[in-house]
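Engineer: Residue numbers (mature numbering (1 follows the signal peptide of the UniProt record, and there is no 0)): -23 to -1, 1 to 213. The structure's right below; bear with me while I get my questions together.
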């Protein structure tokens, strides 16, 4: 199954713990163990030992490529190549900075700096990280309508060039606060940020997630990640 069909079908094949119920924790634990583990890499991690990452059981990585309009990860190309050489499926993500330029401008900037997607079974679709920024107010000074329009501008521009909607990387609280709980992006795969043993309530518009950032950095990663599927689905 192709990645995009796998992402959209995740809710059908991998029901959440809330749906399964507390009566079958053993089955849920088996499902979790079968799910590929990964890492995400930020601007601040330039010396990742990719062979060590692969040897420790990780199957994939999301690597930051760009942020806003004019911020590049200068180590991205080598990190992307080295992750592939170590046998990992890998993808790029962009950090949205709403105040710097339009969503369309940032989508184009992302694509030009590593965010393009190739359907080769080894490249994950590009992702956009939207969330709180300690340097600005919680929603970047935008109202709900402006925030939703900005994200839509990014998403549709990316899709027009790549033929795939970007993965949205966010928290439930930020999404429901700053987009007003928009349900317009259910066709975008969700990469949820939630630290803990289980995923709680998802942002409005999604019935399931595709990726889950569930933990803090360990050694060479900016996040501990899990794919909501199996290895074949990750590579499909």
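Glycine is no exception: its CB is placed at the ideal position from the N, C-alpha and C atoms.
Tell me, to the nearest whole angstrom, how far the beta carbon of residue 67 is from that of residue 38; I am working on the premise that it is less than 8 angstroms.
Structural biologist: Contact flag correct, Cβ pair sits at about 5 angstroms.
Engineer: What three-state label does DSSP hand residue 16 in the structure shown?
Structural biologist: Strand, per DSSP.
Engineer: Grab me the residues of residue 159's own chain with a C-beta within less than 7 angstroms of its C-beta, minus the 5 sequence neighbours each way, in chain order.
Structural biologist: Once the five neighbours on either side are set aside, the close Cβ partners of residue 159 are 125, 181, 182.
Engineer: What is the residue span of the beta strand (DSSP E) that residue 72 lies within?
Structural biologist: Note, residue 72: beta strand (DSSP E), 66 to 72.
Engineer: Quick one, which of 178, 173, 145 has its alpha-carbon nearest residue 163's?
Structural biologist: Considering only alpha carbons, the answer is 145.
Engineer: So is residue 156 buried or exposed if we call it buried at 16+ other beta carbons inside 10 Å?
Structural biologist: Label assigned to residue 156: buried.
Engineer: Ignore the nearest five residues each way along the sequence and tell me which others in residue 134's own chain have a CB closer than 6 angstroms to its CB.
Structural biologist: Counting only Cβ-Cβ distances below 6 angstroms, and skipping sequence neighbours, we find 81, 84.
Engineer: Apart from the five residues on each side of it in sequence, which residues of its chain come closer than 6 angstroms, Cβ to Cβ, to residue 98?
Structural biologist: 212, listed in sequence order.
Engineer: By Cβ distance, which residues of its chain are closer than 6 angstroms to residue 41, with the 5 residues on each side in sequence left out?
Structural biologist: 19, 20, 50, 70.
Engineer: Is residue 175 helix, strand or coil by DSSP?
Structural biologist: Residue 175 falls in the coil class under three-state DSSP.
Engineer: Quick check on DSSP: helix, strand or coil for residue 41?
Structural biologist: Three-state DSSP puts residue 41 in a strand.
Engineer: Does residue 63 come out as helix, strand or coil in the three-state DSSP assignment?
Structural biologist: Coil.
Engineer: Under three-state DSSP, which class holds residue 148?
Structural biologist: Residue state, collapsed to three classes: coil.
Engineer: In this structure, does DSSP put residue 91 in helix, strand or coil?
Structural biologist: Three-state DSSP puts residue 91 in a helix.
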